Amino acid sequence: MNIILTGFMGTGKSAVGRKLAKRLDMEYLDTDELIEEREGSKIYHIFEEKGECYFRKVESAMVREVSRLDRYVISTGGGVVLKDENIKALRRNGFIICLTANPEVILKRTERILDRPLLNEPDPGKRIKELLRMRQAYYEKADFSVDTSNLPLEEIVRRIEEVLRKKNESCSCRAGGT
Ligand code: S3P
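According to numbering that gives the first Met the number 0, the residues represented by the sequence shown are 0 to 177, in order.
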């Protein structure tokens, strides 16, 4: 079983994913990092040179590939949730946790890092709000979600560990026939 982190840019997927994997003694991977390795190019270059449509195809192929793994914490790009086939593949062997944050926090966390092509706009704050509105229903399909806006990393990881523990307890109960 994998643990899948979804959520908008700047919600903390990479930092949470790394810490969670260490804590649970699982492997960690990030679909965007793997795409950059495979393509030999940064995400913003892929968007610039080949377009978003190409990126989404590569992203779906990567999702199919990583879904076959086991015992991985997998951080996904913010747009992975938009395709139903991606979520279906990830869910087959994964528990999906969505990290959320309010638009002001997302703006603060993303404005220092200029490698997010979708926010490379004159008014990124407005774009963040638009995209969040458009994507909300997709992010809500997760099995569990944590608002990371005002929580320290340690507390976010603790909440996720707690929900995983409860889930495992209920699974072993059912397996035991009680
Ligand atoms: C995207 C999010 C990015 C990256 C790409 C598109 C999105 O990943 O996949 O720029 O559509 O939200 P992060 O969420 O890791 O920044």
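Quick reminder that beta carbons are idealized off the backbone N, C-alpha and C, glycines included.
Here the structure is a predicted model, which means the values were calculated and not measured.
| request: Starting from I89, follow the alpha helix (DSSP H) in both directions and report where the run begins and ends. | output: The residue you asked about is not Ile; residue 89 is Leu in the sequence shown. Per DSSP, the unbroken alpha helix (DSSP H) holding L89 starts and ends at 83–91.
| request: Report the rounded CA-to-CA distance for P102 versus S148, giving the unit in angstroms. | output: When rounded, the distance between both Cα atoms is 9 Å.
| Which residues share a DSSP beta bridge with T147? | In the DSSP assignment, T147 forms no beta bridge with any residue.
| query | Should R55 be listed as close to ligand 1, given that the test is whether its C-beta is under 6 Å from any heavy atom? | reply | It does not: the Cβ of R55 is nowhere closer than 6 Å to a heavy atom of ligand 1.
| Counting pairs of Cβ atoms below 8 Å between the region 62–76 and the region 85–93, do you hit three or more? | Contact between the region 62–76 and the region 85–93 is established, with three or more Cβ pairs separated by less than 8 Å.
| request: Please confirm whether any heavy atom of ligand 1 lies closer than 6 Å to the CB of D31. | output: Yes, since a heavy atom of ligand 1 falls inside the 6 Å radius drawn around the Cβ of D31.
| Looking at the unbroken alpha helix (DSSP H) that takes in S59, where does it start and where does it end? | The continuous alpha helix (DSSP H) containing S59 extends over residues 42–65.
| request: Pull up the distance between the alpha-carbon of V79 and that of L28, whole angstroms please. | output: Straight through space, the alpha carbons of L28 and V79 are spaced by roughly 15 Å.
| message | Mapping the DSSP letters down to three states, classify I96 as helix, strand or coil. | response | Looking at I96 - three-state DSSP - the assignment turns out to be strand.
| field | Under the three-state DSSP convention, the category L28 falls into | value | Here L28 sits in strand by DSSP.
| How would you call L19, buried or exposed, if buried means at least 16 neighbouring beta carbons within 10 angstroms? | With 16 or more other Cβ atoms inside 10 Å of its own Cβ, L19 counts as buried.
| query | When the distance is taken between beta carbons, is T109 closer than 7 Å to L118? | reply | Yes, the pair counts as a contact, with Cβ atoms nearer than the cut-off.
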